Amino acid sequence: MKVTFLNLIDAVDAATHETTIRKAIGDLGHHMGFQHFAYIQAVAGDIETCSNYPRPWVDDYLNKGFSKIDPVLRDAKQLKRPFLWHADDWMGETKSAEVRSFAERAISYGLRSGLTIPVEGSFGRTFMLTLASSKAHRKLELPRNTLALCNAVLAIHYNLLRVVDDALISAKVALSPRESEFLHWSSLGKRHEEIAAMYGVSVGWVQKSLDSVRKKLNVTTIPQAVAKLKGKPQ
Numbered sequence: 001m002k003v004t005f006l007n008l009i010d011a012v013d014a015a016t017h018e019t020t021i022r023k024a025i026g027d028l029g030h031h032m033g034f035q036h037f038a039y040i041q042a043v044a045g046d047i048e049t050c051s052n053y054p055r056p057w058v059d060d061y062l063n064k065g066f067s068k069i070d071p072v073l074r075d076a077k078q079l080k081r082p083f084l085w086h087a088d089d090w091m092g093e094t095k096s097a098e099v100r101s102f103a104e105r106a107i108s109y110g111l112r113s114g115l116t117i118p119v120e121g122s123f124g125r126t127f128m129l130t131l132a133s134s135k136a137h138r139k140l141e142l143p144r145n146t147l148a149l150c151n152a153v154l155a156i157h158y159n160l161l162r163v164v165d166d167a168l169i170s171a172k173v174a175l176s177p178r179e180s181e182f183l184h185w186s187s188l189g190k191r192h193e194e195i196a197a198m199y200g201v202s203v204g205w206v207q208k209s210l211d212s213v214r215k216k217l218n219v220t221t222i223p224q225a226v227a228k229l230k231g232k233p234q
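Mapping the sequence shown onto this note's numbering, position 187 (from 1) lands on 187, and the numbers just tick up by one.
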């Protein structure tokens with residue numbers, strides 16, 4: 001589990017576009033048996049989200065003020081630590097009609113159980129990553145390395161800000177997620193053999209990927225590629 005979340009951090013740190021970050025989170029969720037993910041930033045009554053949840057659910061959630069009754073959001077703010085949740089638990093007679101209706105609607109959209117990782121931010125903000133499944137997942141265990149989980153949420157938060165504001169996004173170069181990661185490690189001085197060993201691929205694949213990066217950016221060296229992406233003089 002630790003390796004998986006650390007790989008997520010590597011991927012989002014190397015990302016040059018929001019779609020790359022989305023794919024990295026989605027790949028992690030799929031590896032763990034979850035079909036959906038949502039990164040949420042909550043402050044006071046405002047919600048901002050980046051997710052692959054069904055669009056009708058997202059629209060309902062934001063437009064109908066579901067954040068006021070969402071048990072996951074409530075527990076995230078109260079517990080302030082990673083936790084597992086099950087929408088079936090919100091259907092009991094002791095729950096309000098609003099919460100029971102919310103649970104039924106969530107389940108109907110394939111959001112039945114999940115793992116949520118909240119992190120406290122500045123100025124009363126809460127950042128959280130939720131991985132959700134249409135299955136009950138009653139036997140799912142909470143990952144032990146909570147530090148890696150929280151670091152992953154922070155990496156998602158700051159890199160989403162970066163790809164929106166950074167000159168990287170204006171480069172208009174469609175690097176694949178793996179090309180971005182190989183470029184990142186190569187720029188840090190990793191040899192092709194080391195990168196290949198890290199990802200379990202051939203040295204030839206690493207070389208081919210970096211050749212593709214240089215071709216897309218119309219440069220001849222890795223430092224030139226990094227400088228061009230960051231909008232710096234070459």
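Using N, Cα and C, we set each Cβ at its ideal position, and we do this for glycine too. This structure is a prediction, so every number in the text was calculated from the model and none was measured.
Item to check | C-alpha gap between R112 and L129, whole angstroms | outcome: 16 Å
Next on the checklist: Using a Cβ-Cβ cutoff of less than 6 Å, which residues in the same chain neighbour K172 once the five nearest sequence positions on both sides are dropped?
Outcome noted: Note that K172 has pLDDT 44, beneath the 50 cutoff, so the model's placement of it is unreliable and no number is given.
Checklist entry - Is it a yes or a no for the region 20-33 touching the region 5-12, going by three-plus beta-carbon pairs under 8 Å? => result yes
Checklist entry - Mapping DSSP to helix, strand and coil, what is V219? => result coil
Checklist entry - With burial defined as no fewer than 16 other Cβ atoms inside 10 Å of the residue's Cβ, what is the status of N159: buried or exposed? => result buried
Next on the checklist: Does F5 come out as helix, strand or coil in the three-state DSSP assignment?
Outcome noted: helix
Checklist entry - Can you tell which of E104, R178, S108, D70 has its C-alpha closest to the C-alpha of T19? => result R178
Checklist entry - What first and last residue would you give for the beta strand (DSSP E) that runs through Q35? => result It is not in any beta strand (DSSP E) - Q35 carries neither H nor E in the DSSP assignment.
Checklist entry - What did DSSP end up calling E179 once you bin it into helix, strand or coil? => result helix
Checklist entry - Is it the case that the Cβ atoms of Y53 and A103 are separated by a distance below 9 Å? => result no
Checklist entry - Using a Cβ-Cβ cut-off of 7 Å (strictly less than) and excluding sequence neighbours within five positions of V213, which residues of its own chain qualify? => result L175, E179, L183, A225
Checklist entry - Can L142 and L84 be called in contact, C-beta distance under 9 Å? => result yes
Next on the checklist: Y109 and W57 - do their beta-carbons sit closer together than 9 Å?
Outcome noted: yes
Checklist entry - Can you tell me the Cα-Cα spacing of I107 and M91, whole angstroms? => result 11 Å
Checklist entry - Does the Cβ of P223 have 16 or more other Cβ atoms within 10 Å, making it buried, or fewer, making it exposed? => result exposed
Next on the checklist: If distances are taken between C-alpha atoms only, which option among K139, T49, T146 comes closest to H86?
Outcome noted: K139
Checklist entry - Can you tell me the Cα-Cα spacing of R125 and K68, whole angstroms? => result 15 Å
Checklist entry - With 16 as the cutoff for other CB atoms within 10 Å, does F127 come out buried or exposed? => result buried
Item to check | Backbone CA spacing between L210 and S187 [nearest angstrom] | outcome: 11 Å
Next on the checklist: For A42 and E48, I'd like the C-alpha separation in whole angstroms.
Outcome noted: 7 Å
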